[in-house]
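So the sequences go chain by chain: A and Y.
All the letters of the first sequence, read from the start, carry residue numbers 23 to 266 under this note's numbering.
All the letters of the second sequence, read from the start, carry residue numbers 23 to 266 under this note's numbering.
Scroll down for the structure; my scribbles are underneath it.
Number of protein chains: 2
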Amino acid sequence: MTETLPPPSFRPLYEQIKILITQSLVAGEWKPGEAIPSEVELAARFRVSQGTVRKAIDELASEHILVRRQGKGTYVASHSEPSYQYRFLRVMPDSGEKLHPHSVLVDVRKGRASAEIARALAIKAASPVHVILRVLEFRGRPLILDEMVLAASRFPGLTVPKLEEYKGSMYSFYEAVYGLRMIRAEERIRAVAADAGAAAHLRVVPGTPLLCVDRIAFTYGDMPVEWRRGLCVTDGFSYFNELA
Amino acid sequence: MTETLPPPSFRPLYEQIKILITQSLVAGEWKPGEAIPSEVELAARFRVSQGTVRKAIDELASEHILVRRQGKGTYVASHSEPSYQYRFLRVMPDSGEKLHPHSVLVDVRKGRASAEIARALAIKAASPVHVILRVLEFRGRPLILDEMVLAASRFPGLTVPKLEEYKGSMYSFYEAVYGLRMIRAEERIRAVAADAGAAAHLRVVPGTPLLCVDRIAFTYGDMPVEWRRGLCVTDGFSYFNELA
DNA sequence: GAGTGGTCTAGACCACCCC
DNA sequence: GGGTGGTCTAGACCACTCT
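This is the structure we're talking about:
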């Protein structure tokens with residue numbers, strides 16, 4: 023889906039400003055949740071007009087990388103903020119009720135990347151990885167069985183106790199502990215029959231149709247960080263998507 | 023998902039321009055595929071600066087309602103154009119190959135709206151509707167069994183021969199024949215087991231897990247026009263979604 | 001070359017937030 | 001009241017398309 027385009031013959035100034043701002047974000051000059059300098063300050067710093075900075079920030083805001091707050095300033099988006107907590111979770115109760123799931127760790131172990139996962143994470147096949155299994159529960163009912171795979175090199179010293187502290191959201195964990203902010207993800211969804219293991223974790227009978235959601239999540243610069251497979255019960259719940 | 027907000031205390035000019043442009047689109051002043059007047063013309067017509075018209079058009083373009091073409095003009099987006107033909111079809115071969123499905127009509131009949139469908143289409147329960155059944159094939163292999171429900175009042179004189187002409191895309195049909203351009207849709211996805219009927223049409227064994235994709239599609243002003251349920255085989259195919 | 005959208009600037013003023 | 005983002009304007013110049 024992501025394509026490498028031919029070198030553009032022309033490079034608008036505001037795109038270069040976007041790149042400079044992104045570089046400061048990658049370098050950690052401004053951390054998630056913090057305010058970046060005001061538009062006038064940035065305009066002075068980059069020696070361009072405020073309008074040009076505005077256009078750059080507008081685009082970064084539309085990509086959910088920055089957040090504008092009128093009268094206050096412009097902030098670095100963060101998965102730790104309530105409104106961003108479940109930004110990538112598209113499964114919802116059919117009732118329309120808000121979903122506030124509870125995460126239960128099942129297993130954390132070390133392993134080696136399969137060919138498929140190595141390709142997805144842009145690492146060498148058989149590289150060491152962390153594999154995390156967990157169940158998302160809603161009102162005490164198991165809803166999603168997630169398997170997450172992370173390159174060990176990016177997540178040194180990942181341990182169960184550390185993970186337990188952040189049971190709410192994986193991405194606020196990556197962000198707070200490893201400085202990796204996830205900005206977008208690709209999902210591929212299929213229908214599968216529950217095998218014995220999944221059925222046990224999700225408390226359904228084997229063979230029950232489940233959604234199988236494969237996800238690759240990316241940080242700044244389209245660097246893949248996480249491969250994930252979620253098996254999801256859709257009795258009373260569904261995956262919501264808006265086509266625009 | 024769509025909420026009615028409290029009356030805004032303040033109404034930017036460019037939003038009013040957006041509304042005026044949208045009204046011209048609804049009224050059919052500019053038809054799908056045609057060019058709208060240039061920015062300077064619109065600025066003169068609405069007595070605002072070109073910059074304000076630009077901002078209005080920018081937003082309409084980001085909503086895929088208009089399409090800008092540098093050096094040529096701004097056009098009304100149309101499902102008849104190749105790049106928009108399958109804009110709302112998210113099912114793709116895992117191979118990465120481009121999907122060019124072929125539509126086969128199964129049945130077209132009249133019926134009455136169930137409570138659920140009446141709610142979705144914002145019509146009275148038991149209102150007369152058209153029900154269309156069709157199969158989407160890919161390389162001769164049945165992939166999706168679609169059931170579409172339309173308010174009869176919006177689609178007078180809908181007949182099989184008329185439909186046959188447009189087997190490629192339903193939405194270019196709605197657009198060309200009824201002047202209804204679909205601009206967005208909401209989908210809810212679940213996993214289900216194929217029943218006997220679906221299994222026969224999709225040539226799978228009954229019980230095979232399928233994606234069940236319920237869709238409501240909207241035209242200008244968030245007016246619901248079509249209710250659709252698609253049953254989809256996901257062997258070699260998956261539903262692709264980008265989370266941004 | 002004429003016409004279109006696209007970029008960039010500079011400045012004025014407005015709405016919102018907080019001290 | 002002072003700072004922030006948000007709107008609106010006017011004008012210059014650039015890139016692209018077609019004739």
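From the three backbone atoms N, C-alpha and C, an ideal C-beta is built for every residue, glycine too.
Contact with chain A by residue i, beta-carbon distance below 8 Å
i, result
"Y:L232", "yes"
"Y:L265", "yes"
"Y:S274", "Outside the displayed span of chain Y (23 to 266) sits residue 274 of chain Y, for which this structure offers no information."
"Y:A213", "yes"
"Y:E186", "no"
"Y:T256", "yes"
"Y:E209", "yes"
"Y:E25", "Below a pLDDT of 50, predicted positions are generally treated as unreliable, and Y:E25, at 43, falls in that range; the measurement from the model is reported next regardless. Closer than 8 Å: no."
"Y:E85", "yes"
"Y:F160", "no"
"Y:F110", "yes"
Residue i and residue j closer than 8 Å at C-beta
i, j, result
"Y:L233", "A:E209", "no"
"A:V255", "A:V226", "yes"
"Y:G179", "Y:V153", "no"
"Y:G95", "Y:A66", "no"
"Y:S46", "Y:Y108", "no"
"Y:A174", "Y:M204", "no"
"A:D217", "A:P231", "no"
"Y:H124", "Y:E159", "yes"
"Y:A78", "Y:I139", "no"
"Y:F68", "Y:L42", "yes"
Buried versus exposed call for residue i [16 or more other C-beta atoms within 10 Å across all chains shown]
i, result
"Y:K120", "exposed"
"A:P183", "exposed"
"A:E25", "Interpretation of A:E25 is limited by its pLDDT of 44, a score under 50 that renders its predicted location unreliable; the figure taken from the coordinates is listed afterwards. Label assigned to A:E25: exposed."
"A:M170", "buried"
"A:D168", "buried"
"A:M245", "exposed"
"A:P150", "exposed"
"A:E197", "buried"
"Y:P21", "Residue 21 of chain Y falls outside the range modelled here, since chain Y spans only 23 to 266, and no answer is possible."
"A:E186", "exposed"
"Y:E51", "exposed"
"A:G252", "buried"
"A:R33", "exposed"
"A:E61", "buried"
"Y:V75", "buried"
"Y:V126", "exposed"
"A:A295", "Because residue 295 of chain A is not part of the residues shown, which for chain A are 23 to 266, the question remains open."
"A:A220", "buried"
Proximity to residue i [Cα-Cα], best of the options
i, options, result
"Y:V98", "Y:G179, Y:A83, Y:D168", "Y:A83"
"Y:R112", "A:A140, A:G243, A:H86, A:I211", "A:I211"
"Y:K53", "Y:L158, Y:S100, Y:A140", "Y:S100"
"A:R237", "A:W249, A:V70, A:E37", "A:W249"
"A:S102", "A:F195, A:G243, A:E186", "A:F195"
"A:A213", "Y:F259, Y:V126, Y:A140", "Y:F259"
"A:S136", "A:L172, A:P228, A:P115", "A:L172"
"A:T261", "A:I166, A:V157, A:H223", "According to the sequence displayed, residue 261 of chain A carries Tyr and not Thr. Measuring from the Cα of A:Y261, the nearest candidate turns out to be A:I166."
"Y:L202", "Y:S117, Y:H223, Y:G243, Y:R163", "Y:G243"
"A:I145", "A:V247, A:I41, A:F32", "A:V247"
"Y:V199", "Y:A215, Y:R206, Y:A207, Y:T181", "Y:T181"
"A:T44", "A:R176, A:R141, A:E85", "A:E85"
"Y:R90", "Y:G55, Y:F68, Y:R69, Y:R156", "Y:G55"
"Y:A222", "Y:V128, Y:Y193, Y:A207", "Y:V128"
"A:D257", "A:R163, A:Y188, A:A207, A:R176", "A:R163"
"Y:L155", "Y:A215, Y:R131, Y:V70, Y:P59", "Y:R131"
"Y:R176", "Y:A147, Y:V157, Y:L143, Y:P115", "Y:L143"
"A:Y36", "A:N263, A:P115, A:L64, A:G118", "A:L64"
"A:M114", "A:S71, A:V70, A:R161", "A:R161"
Residue-level contact to chain Y via CB, residue i, 8 Å cutoff
i, result
"A:P147", "First, the residue type needs correcting, since residue 147 of chain A is Ala and not Pro in the sequence shown. Judged by the 8 Å Cβ criterion, A:A147 is not in contact with chain Y."
"A:T74", "no"
"A:T241", "no"
"A:F177", "no"
"A:H223", "no"
"A:R206", "yes"
Heavy atom of the ligand ZN within 7 Å of residue i beta-carbon
i, result
"A:V247", "The ligand ZN is not part of this structure, which contains no ligands at all."
Legend entry - Every unbroken alpha helix (DSSP H) within the segment 28 to 66 of chain A, with a cutoff of 4 residues, ordered by chain: 35 to 48
Inset, instruction - Could you tell me which uninterrupted beta strand (DSSP E) segments, each at least 3 residues in length, are contained entirely in the segment 194 to 247 of chain Y, listed from first to last along the chain? - result: 204 to 215, 231 to 241
Inset, instruction - Note down, one range per segment and in chain order, each alpha helix (DSSP H) of at least 4 residues found wholly within the segment 86 to 173 of chain Y. - result: 137 to 143
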